[in-house]
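Colleague: In this text, residue positions in the sequence shown follow the numbering used here: the first is 5, and each later residue adds one.
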Amino acid sequence: MDRAKFIFVTGGVLSSLGKGISSSSIATLLQHCNYQVSILKIDPYINIDPGTMSPLEHGEVFVTSDGAETDLDIGHYERFLNKNLTRLNNFTTGQIFSSVIDNERKGKYLGKTIQIVPHVTDEIKQRIKNVAKGCDFLIVEVGGTVGDMEGMFYLEAIRQLKLELGSERVINVHVTLIPYIQTTNELKTKPTQHSVQELRRLGVTPQIILARSPKPLDKELKKKIALSCDVEQDSVIVATDAKSIYACPIHFLQEGILTPIARRFNLNKLHPKMAAWNTLVEKIIAPKHKVKIGFVGKYLSLKESYKSLIEALTHAGAHLDTHVEIKWLDSEDFNDETHLDEIDAILVPGGFGERGIEGKMCAIKRARLEKLPFLGICLGMQLAIIEFSRHVLGLKEANSTEFDKNCKTPIVYLIEDFIDQNNHKQVRTYNSPLGGTMRLGEYECKIAPNSKLENAYKKSCVKERHRHRYEVNPIYRNEWESQGLKVVGIGANNLIEAVELEDHPFFVGVQFHPEFTSRLQSPNPIILDFIKHALNKS
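1. Can the beta-carbon of residue 404 be found closer than 9 angstroms to that of residue 396?
2. Smallest Cα separation from residue 55: which of 450, 476, 355 and 535?
3. Terminal residues of the continuous beta strand (DSSP E) containing residue 327?
4. Could you tell me which residues DSSP puts in a beta bridge with residue 489?
5. Say the cut is 8 angstroms; is the CB of residue 278 nearer than that to a heavy atom of the ligand GTP?
6. Residue 76 to residue 66, Cα distance in whole Å?
7. I need the DSSP call for residue 47, collapsed to helix, strand or coil.
8. I'd like to know whether the C-beta atoms of residue 31 and residue 114 end up nearer to each other than 9 angstroms.
9. Mind reading off the beta-carbon distance from residue 346 to residue 294? Whole number of angstroms is fine, and I expect it under 8 angstroms.
10. What are the boundary residues of the beta strand (DSSP E) that residue 585 is part of?
11. Along the alpha helix (DSSP H) that carries residue 228, what are the first and last residues, could you check?
12. Our contact map puts residue 392 next to residue 349 with C-beta atoms below 8 angstroms; I'd like the distance itself, whole angstroms only.
13. With three or more C-beta pairs closer than 8 angstroms as the rule, is the region 268-277 touching the region 511-521?
14. How many Å lie between residue 163 and residue 144 at the Cα?
15. Here's the rule: buried if 16 or more other CB atoms are within 10 angstroms of the residue's CB, otherwise exposed. What is residue 507?
16. For residue 340 and residue 482, what's the separation of their Cα atoms in angstroms?
17. Is it true that the region 351-370 meets the region 382-390, where meeting means three or more beta-carbon pairs spaced less than 8 angstroms apart?
18. Just verifying my parser: in three-state terms, what is the DSSP assignment at residue 208?
19. In the structure shown, what three-state DSSP assignment does residue 520 receive?
20. Quick test of the definition: if touching needs 3 or more C-beta pairs under 8 angstroms, does the region 297-317 touch the region 198-212?
21. With DSSP as the reference, please indicate the residues paired to residue 296 in a beta bridge.
22. Is residue 173 helix, strand or coil when you go by DSSP?
23. Can you list the alpha helix (DSSP H) stretches of 4 or more residues lying completely in the region 339-374, in chain order?
24. Please classify residue 194: is it buried, with 16 or more other beta-carbons within 10 angstroms of its beta-carbon, or exposed?
25. From residue 370 to residue 376, what distance separates their C-alpha atoms?
26. Label residue 326 either buried or exposed according to how many other C-beta atoms from any shown protein chain fall within 10 Å of its C-beta, with 16 as the threshold for buried.
27. Using 8 angstroms as the Cβ pair cut-off and three pairs as the minimum, do the region 215-228 and the region 164-183 touch?
28. According to the neighbour-count rule (16 or more other Cβ atoms, all chains shown, within 10 Å of its Cβ), is residue 3 buried or exposed?
29. I'd like to check one pair, residue 27 with residue 45: are the Cβ atoms closer than 9 angstroms?
30. Please work out which residues of its chain come closer than 7 angstroms, Cβ to Cβ, to residue 248, disregarding the five sequence neighbours upstream and downstream, and give them in chain order.
31. Check whether the Cβ atoms of residue 13 and residue 199 sit closer than 9 angstroms, and answer yes or no.
32. Bridge partners of residue 465, per DSSP?
33. Whose CA, out of 263, 245 and 258, lies closest to the CA of residue 238?
34. Could you check where the beta strand (DSSP E) with residue 9 kicks off and where it finishes?
35. Hey, residue 332 and residue 301: beta-carbon distance below 9 angstroms or not?
36. Expressed to the nearest angstrom, what Euclidean distance is found between the alpha-carbon atoms of residue 317 and residue 446?
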């Protein structure tokens with residue numbers, strides 16, 4: 005931890021105000037001042053991790069390189085900072101409670117009565133300090149909203165940390181809402197005042213107010229907020245809606261957020277070098293070209309279920325000076341009559357369960373026959389192979405044992421043992437617990453020479469991240485390849501990681517999730533190549 009400085013980001017009034025983007029933006033500005041920066045997300049729910057939560061309940065589960073199933077904000081952190089984080093960068097109340105109870109069972113508390121203070125708060129503080137090691141700055145985002153009972157002991161831990169570290173090493177940033185009342189044409193500050201009052205009642209005093217507002221705030225409103233919240237006027241930072249989330253660091257810089265940060269931490273004036281970032285943001289906001297991608301999914305009522313993939317398409321578009329428009333196609337409604345005339349390419353993402361798979365396979369068949377560029381990810385690849393087996397090889401009962409445990413032609417099946425990324429043997433069955441039993445994290449994939457995959461990556465071996473339980477059955481490989489569906493990626497345990505179709509402009513399926521390694525500065529190669537082919541089609 006050394007002399008790391010801490011920036012705690014809390015939220016008030018209501019949820020989904022953008023604490024994750026705010027935290028990422030502050031971290032990005034400090035990183036571009038040549039500081040070592042890391043971010044930690046605290047999730048107040050009692051689940052151990054979001055791995056078994058419905059995407060419609062929680063949004064995307066982001067997988068780190070070391071195999072942790074984490075909150076989607078970790079994905080934002082990695083994409084903004086262009087660096088890999090680990091399981092240490094996200095913890096939940098479930099993990100805290102489990103650790104404290106485990107310590108109690110082992111006798112580590114020497115017979116004491118276990119309480120929220122000090123035992124739970126000490127565990128929280130220690131985890132925060134562990135992530136801060138080797139950093140100049142650690143940004144800590146506290147999930148939830150001030151006033152939620154689930155978050156009380158986290159705010160208590162922050163209060164204690166300020167006392168232990170000294171106020172010169174801690175800043176509290178409070179993200180809050182300034183609602184606009186259309187009938188009176190007014191911006192109202194009262195919710196912010198009440199939120200800050202509640203935060204201060206719990207022992208945490210904010211030094212910066214980050215005010216989410218649909219309209220700019222004039223000088224008088226800023227002065228009013230500063231007075232009622234006991235901050236300097238230049239510490240009221242207005243965060244209006246941006247055309248792209250990647251424009252937020254620029255907006256924050258223009259609003260002067262680094263001035264109160266430098267003042268609090270006794271630093272010289274901060275001058276981030278943002279020219280290259282600005283160039284990419286300009287290409288996102290005002291691109292020269294446009295493509296339309298048919299995105300065939302089933303979690304469309306909460307599109308944050310596909311957050312990393314949406315952002316990966318944006319990254320690829322920025323590097324090709326292209327706006328990637330997504331045409332959302334519900335897999336449960338997709339059929340042979342679905343209109344595709346304006347679609348330049350088809351994307352079938354990952355997913356779980358039987359619902360919507362026939363519509364996805366219909367879309368895959370259309371892409372195969374109509375020569376539309378196609379990318380299938382995880383389940384998307386598996387369904388592409390099942391579709392090919394049914395309609396090209398004539399294996400009418402081809403299926404996955406995920407959908408039919410007793411299917412006669414198991415193209416995709418549950419592999420019952422494999423070697424994980426730590427070289428440990430993992431054993432699983434159909435009765436195994438759902439949590440933490442998938443193939444998770446980063447694995448090597450050896451790429452076949454002269455393949456589209458090699459052409460995209462320019463490498464013979466890559467590392468990509470996985471999150472799945474079922475694998476492609478290799479006993480049918482010769483039959484697929486004899487009809488033009490080539491296996492072009494092989495992973496550990498000789499597992500099939502990628503396939504592509506001959507005599508097609510671009511028909512690629514990958515078992516891994518390339519979106520998890522895509523960055524604004526460096527888009528994932530296979531997604532970039534997919535958009536290139538879509539651009540050629542348009």
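Virtual Cβ for every residue (Gly too), placed ideally from N, Cα, C.
Modeller: Put simply:
1. no
2. Selected option, being the one with the closest Cα: 355.
3. 326-334
4. 505
5. The model depicted lacks the ligand GTP and carries no ligand whatsoever.
6. Put simply, the backbone Cα of residue 76 is about 5 angstroms away from that of residue 66.
7. strand
8. no
9. Here residue 346 is actually not in contact with residue 294; their C-beta atoms are around 11 angstroms apart, not less than 8 angstroms.
10. An answer regarding residue 585 cannot be provided, because it is not within the stretch 5 to 542 covered by the chain.
11. 223-233
12. With 8 angstroms as the limit, residue 392 and residue 349 do not qualify as a contact, their Cβ atoms being about 18 angstroms apart.
13. no
14. 13 angstroms
15. Sixteen is the threshold: since fewer than 16 other Cβ atoms of the shown chains lie within 10 Å of the Cβ of residue 507, the residue is exposed.
16. 29 angstroms
17. yes
18. coil
19. helix
20. Fewer than three Cβ pairs drawn from the region 297-317 and the region 198-212 lie within less than 8 angstroms of each other, which leaves the two stretches out of contact.
21. 329
22. helix
23. Listed in chain order, they are 361-373.
24. So residue 194 ends up on the exposed side.
25. 8 angstroms
26. buried
27. yes
28. In this structure the chain extends from 5 to 542, so residue 3 is not present and cannot be described.
29. yes
30. 285, 288 and 289
31. no
32. 450
33. 263
34. 9-15
35. yes
36. 21 angstroms
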